[in-house]
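Protein chains in written order, with the working numbering: chain A, 1 to 284; chain B, 1 to 292.
Okay, structure first, notes after.
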Ligand SMILES: Nc1ncnc2c1ncn2[C@@H]1O[C@H](COP(=O)(O)OP(=O)(O)OP(=O)(O)O)[C@@H](O)[C@H]1O
Ligand SMILES: [Mg+2]
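Below, the structure written as structure tokens:
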């Protein structure tokens with residue numbers, strides 16, 4: 001098993017564009033308001049993610065992290081403002097949703113699912129050449145799933161499925177990578193492996209945003225953080241952003257938003273305020 | 001012995017042109033409808049298929065009202081009505097998740113009543129039977145040509161859209177993020193389903209056409225685990241059932257459409273009992289587990 005543990009060097013050899021560092025995408029959020037139905041979930045957000053930056057997106061439950069990622073993806077249409085992407089064409093953003101809606105009962109093998117990460121090369125009709133096949137098995141090896149090509153996706157454990165999805169992100173070779181709570185329900189060992197992959201993407205110059213709840217992990221492994229509570233509470237170097245004062249402000253702001261009388265701009269789904277108060281200290 | 005076998009299995013086709021035509025028609029239906037049915041089943045849209053099949057009835061009936069028993073008029077009417085329900089069903093599925101099956105059931109009950117009403121406005125009972133149960137033993141050249149064209153179009157379109165359709169089933173959000181083919185795959189697939197149901201209705205009738213789609217696919221699920229093998233097995237089951245059903249209807253003087261669908265249904269039941277994958281047999285007599 002140890003032999004399969006990915007190292008950063010190993011991973012970077014997977015992507016062919018790794019040798020000259022990938023040009024990461026730049027993301028500019030301009031007065032961005034996103035929501036569901038008519039309820040805004042994130043308000044008037046102004047921020048810029050530098051090309052090649054590695055940012056942890058943190059905030060309490062219901063603070064709009066997933067909504068923000070879906071807005072950057074283009075899945076949600078902004079209510080006001082816009083998302084300006086530079087260096088990431090449509091279809092070249094890799095996105096790992098919080099709850100993937102993959103139909104695991106469909107008769108598909110691991111390699112067939114992961115190979116869809118090469119869509120930008122194969123298109124709807126093109127074949128997987130020898131080179132693509134080699135990249136596929138390298139990507140599987142990089143996530144510790146070497147040799148699982150022929151397994152059925154129905155027969156994977158939750159953590160194995162997550163590794164497979166990371167392998168697909170790897171193949172997508174995208175300048176912008178968005179990960180929504182990628183380590184929920186993942187064991188420590190797998191988390192470490194996948195964190196190494198993220199480091200490798202960062203080293204290659206890709207822009208990476210990951211939603212996380214483990215603040216110690218953010219401080220240790222992520223240079224930048226953005227703290228969200230329906231609006232941006234703080235954005236910058238992780239250490240400064242995750243101060244106790246900022247975290248308290250984020251909790252207070254979300255609780256206030258939940259209790260606010262619904263006026264045109266402040267309407268939100270009732271956030272689970274009691275649960276939020278119960279969460280203290282480090283957890284968000 | 002040989003003579004008996006010949007008489008049972010070959011002679012009906014050797015002797016009668018209408019039996020050969022029926023066999024050609026059923027073969028064409030199997031080749032086109034079955035792969036579409038496999039996708040319908042895997043997308044848990046079997047009921048949608050049923051609703052579309054019933055919706056074709058009033059469309060075809062309007063064609064019948066305008067032009068009598070005319071192939072083009074009834075085909076076009078069926079296509080238009082089928083597409084309308086397919087789009088409506090897609091819309092319903094997206095906007096009112098909870099009500100999907102109930103509103104589909106409502107759709108097809110209304111369609112069925114409307115269709116029967118329209119046909120009986122002008123036609124005789126014989127015409128009604130034709131629309132409801134098809135005329136596989138009276139397929140003329142034009143009808144055969146129509147069936148063959150539909151299955152050719154279907155196979156070509158499936159070959160081209162296969163990858164997008166698979167991803168549309170498995171991970172639609174991902175397909176949407178990497179490609180614009182998502183809508184093409186979705187509506188293209190619905191169009192193929194309607195086309196095949198309209199083709200099937202000339203031979204098997206509106207009520208039976210959907211059986212040729214769903215039953216072989218459901219049966220094949222008990223034998224195969226990969227998508228392409230499921231499709232291959234399903235086509236095999238459909239061809240065998242079509243042939244067997246025609247023989248049954250010939251020897252026992254049964255209506256051919258129901259005979260074919262019942263044979264397919266028997267194949268389904270048998271597969272459910274003795275199939276290789278999660279059948280009753282596998283359930284009742286589980287193989288010993290492997291050593292850990
Ligand atoms: N599909 C939806 N329809 C309606 N409202 C939604 C939808 N998804 C999220 N919301 C609401 O938008 C707000 C932000 O939700 P979002 O999922 O972005 O939070 P989050 O920060 O990702 O939370 P978590 O940490 O629990 O994943 C919440 O108040 C939620 O109730
Ligand atoms: Mg979320």
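Idealized CB from N, CA, C, for every residue including glycine.
Residue-chain proximity (residue 226 of chain B, chain A), Cβ-Cβ < 7 Å: Taking Cβ atoms only, chain A reaches closer than 7 Å to residue 226 of chain B, which makes this a yes.
C-alpha distance - residue 87 of chain B paired with residue 166 of chain B, whole-angstrom precision: Distance from the CA atom of residue 87 of chain B to the CA atom of residue 166 of chain B, rounded to whole angstroms, is 20 Å.
Start-to-end residues for the beta strand (DSSP E) that takes in residue 180 of chain A: 176-180
Interface partners of residue 174 of chain B on chain A, CB under 7 Å: 116
Strand pairing of residue 169 of chain B, partner residues [DSSP]: Residue 169 of chain B is not bridged to any residue.
7 Å Cβ cutoff, residue 37 of chain A in contact with chain B: With 7 Å as the cut-off, residue 37 of chain A does not count as an interface residue toward chain B.
Between the CA atoms of residue 145 of chain A and residue 73 of chain B - distance to the nearest angstrom: In a straight line, the C-alpha of residue 73 of chain B is about 57 Å away from that of residue 145 of chain A.
C-alpha gap between residue 248 of chain B and residue 151 of chain A, whole angstroms: 42 Å
Beta-carbon proximity list for residue 59 of chain A, same chain, < 7 Å, skipping 5 on both sides: 65, 227, 228, 229, 250, 284
The region 29-47 of chain A touching the region 189-200 of chain A, judged by at least three CB pairs closer than 8 Å: The region 29-47 of chain A vs the region 189-200 of chain A: no contact.
Cβ-heavy atom distance, residue 82 of chain A to ligand 2, below 6 Å: The answer is no for residue 82 of chain A.
DSSP-derived helix/strand/coil call for residue 31 of chain A: If DSSP states are grouped into helix, strand and coil, residue 31 of chain A belongs with the strands.
Cβ neighbour criterion (16 or more within 10 Å) applied to residue 107 of chain A: buried
Where residue 172 of chain A falls, given that 16 or more other Cβ within 10 Å makes a residue buried: Taking all protein chains shown into account, residue 172 of chain A has 16 or more neighbouring C-beta atoms within 10 Å of its C-beta and is therefore buried.
Residues from the region 118-144 of chain A in contact with chain B, defined by Cβ distance under 7 Å: Listed in sequence order: 119, 120, 124, 125.
Own chain partners of residue 33 of chain A with C-beta closer than 8 Å, once the 5 adjacent residues on each side are dropped: These residues qualify, in order along the chain: 40, 42, 43, 44, 45, 78, 79, 80, 81.
Limits of the unbroken alpha helix (DSSP H) element including residue 198 of chain B: 181-204
Chain B within 7 Å of residue 106 of chain A, Cβ atoms only: yes
Of the listed residues B/81, B/17, B/61, B/23, nearest to residue 203 of chain B (C-alpha basis): For residue 203 of chain B, the nearest C-alpha among the options comes from B/23.
Whole beta strand (DSSP E) elements within the region 135-210 of chain A, 3-residue minimum: Listed in chain order, the complete beta strand (DSSP E) runs (minimum 3 residues) inside the region 135-210 of chain A are 176-180.
Which of helix, strand or coil DSSP assigns to residue 142 of chain B: helix
Alpha-carbon to alpha-carbon, residue 35 of chain B and residue 230 of chain B: 9 Å
Own chain residues within Cβ distance below 8 Å of residue 270 of chain A, not counting five before or after: Because the pLDDT at residue 270 of chain A is just 39, under 50, the model does not fix this residue reliably, and the point stays unresolved.
Collapsed DSSP secondary structure at residue 23 of chain B in the structure displayed: helix
Cβ-heavy atom distance, residue 162 of chain A to ligand 2, below 6 Å: no
beta-carbon residue 36 of chain A near ligand 1 non-hydrogen atom, thresh 6 Å: yes
C-alpha distance - residue 262 of chain A paired with residue 67 of chain A, whole-angstrom precision: Unreliable positioning characterises residue 262 of chain A in this predicted model, as indicated by a pLDDT of 49, which lies under 50. The coordinate reading is nonetheless provided below. Taking the straight line joining both Cα atoms gives about 20 Å.
C-beta atoms of residue 110 of chain B and residue 65 of chain B nearer than 7 Å: Not in contact: residue 110 of chain B and residue 65 of chain B (Cβ atoms no closer than 7 Å).
Below-7 Å beta-carbon distance, residue 285 of chain B vs any chain A residue: no
Residue 62 of chain A CB to nearest heavy atom of ligand 1 below 6 Å: Residue 62 of chain A: yes, Cβ under 6 Å from ligand 1.
Residue 91 of chain B burial status per 10 Å Cβ neighbour count (16 or more: buried): exposed
Interface positions of the region 180-193 of chain A facing chain B (Cβ-Cβ less than 7 Å), listed along the chain: Taking 7 Å as the Cβ-Cβ cut-off against chain B, none of the residues of the region 180-193 of chain A qualify.
Within chain B, partners of residue 152 of chain A - CB distance below 8 Å: 225
Span of the beta strand (DSSP E) around residue 234 of chain A: Element bounds for residue 234 of chain A: 232-237.
Residue 48 of chain A burial status per 10 Å Cβ neighbour count (16 or more: buried): exposed
Distance, residue 51 of chain B Cα to residue 183 of chain A Cα: 42 Å
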